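Residue numbers are given in the working numbering: position 75 of the sequence shown equals residue 304, and the series is strictly consecutive.
Backbone N, C-alpha and C fix where the C-beta goes; we use that ideal spot for every residue, glycine too.
All values derive from a computational prediction rather than experimental measurement.
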Amino acid sequence: MFKFIENIEAGEIVIENETGLPDENQSALNSQNPVSTVIIDAVAPETAPEGFTLIWLDSEGPLEPGRFPADALPSIIRDVAENVAEVYQVDAGIVFMACLAAISGAIGKSVTVKGGVNGRTTPCNLYMIAGAPSGYGKSGVVKVVTPLLEASKQMKQQHSRAELLTEKTQLENRQKKLLKSDSTGDSIKETLEKTIKRLEEIDGLLTYPPTYHVGEITGAAL
């Protein structure tokens, strides 16, 4: 891997179209906006373009993380993150992660994407892992997602396991009576269909209790 760094005092990097980037990379750079780092997985040219320095990178070594792309987010999220970061004296990047986690949890499975390779439909949920030293201030940052945690708690209370099991037993008894009934009217059929549908809903709630957040990274949990 390699990168071009333009020889300017500010140290910003600008990749010009004349550098011969692959077509898939050109569209992202047409705006000519400065970026902090551009890594190219391609065969390096023998010489760097005029005005640029060619720097080889050790593909096995760690790369320094870049600045969080705050400008890509709506202004209201930037304001929240920057204010929280200032109050708790932490890097804004870790607050932005909490904000994205909150938004991801709020939309739930209402937004999905379809894979271009296998056609699999996947919810746009994000699993955030914020790493910071002990005592850095992560607990304060987590308050950004407090509304989601409270909403999940309330939802859990509304769907208590004991109440769901009680309702399931009652519905199963009703189902047995309906199946034994000699009546074949539309009302009996409609009631039976509603009963079966509700039983399926209860089974789903018992297997995967409703929540706006998860603390596990298994496929089933996500």
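Can you pull the DSSP bridge partners for residue i?
{"i": "residue 352", "result": "341"}
Over what stretch of residues does the alpha helix (DSSP H) that includes residue i continue unbroken?
{"i": "residue 376", "result": "375-387"}
{"i": "residue 402", "result": "390-409"}
{"i": "residue 325", "result": "321-336"}
{"i": "residue 424", "result": "415-436"}
{"i": "residue 363", "result": "Here residue 363 belongs to no alpha helix (DSSP H), and DSSP marks it neither H nor E."}
{"i": "residue 312", "result": "304-317"}
Which residue from the options puts its Cα closest to that of residue i?
{"i": "residue 365", "options": "396, 296, 316 and 353", "result": "316"}
{"i": "residue 385", "options": "325, 440, 329 and 303", "result": "440"}
{"i": "residue 397", "options": "309, 431 and 378", "result": "431"}
{"i": "residue 370", "options": "300, 313 and 306", "result": "313"}
{"i": "residue 326", "options": "373, 348, 395 and 423", "result": "373"}
With C-beta atoms as the reference, is residue i less than 8 Å away from residue j?
{"i": "residue 359", "j": "residue 323", "result": "yes"}
{"i": "residue 425", "j": "residue 399", "result": "no"}
{"i": "residue 401", "j": "residue 428", "result": "yes"}
{"i": "residue 333", "j": "residue 302", "result": "no"}
{"i": "residue 352", "j": "residue 367", "result": "no"}
{"i": "residue 328", "j": "residue 310", "result": "yes"}
{"i": "residue 321", "j": "residue 377", "result": "no"}
{"i": "residue 395", "j": "residue 407", "result": "no"}
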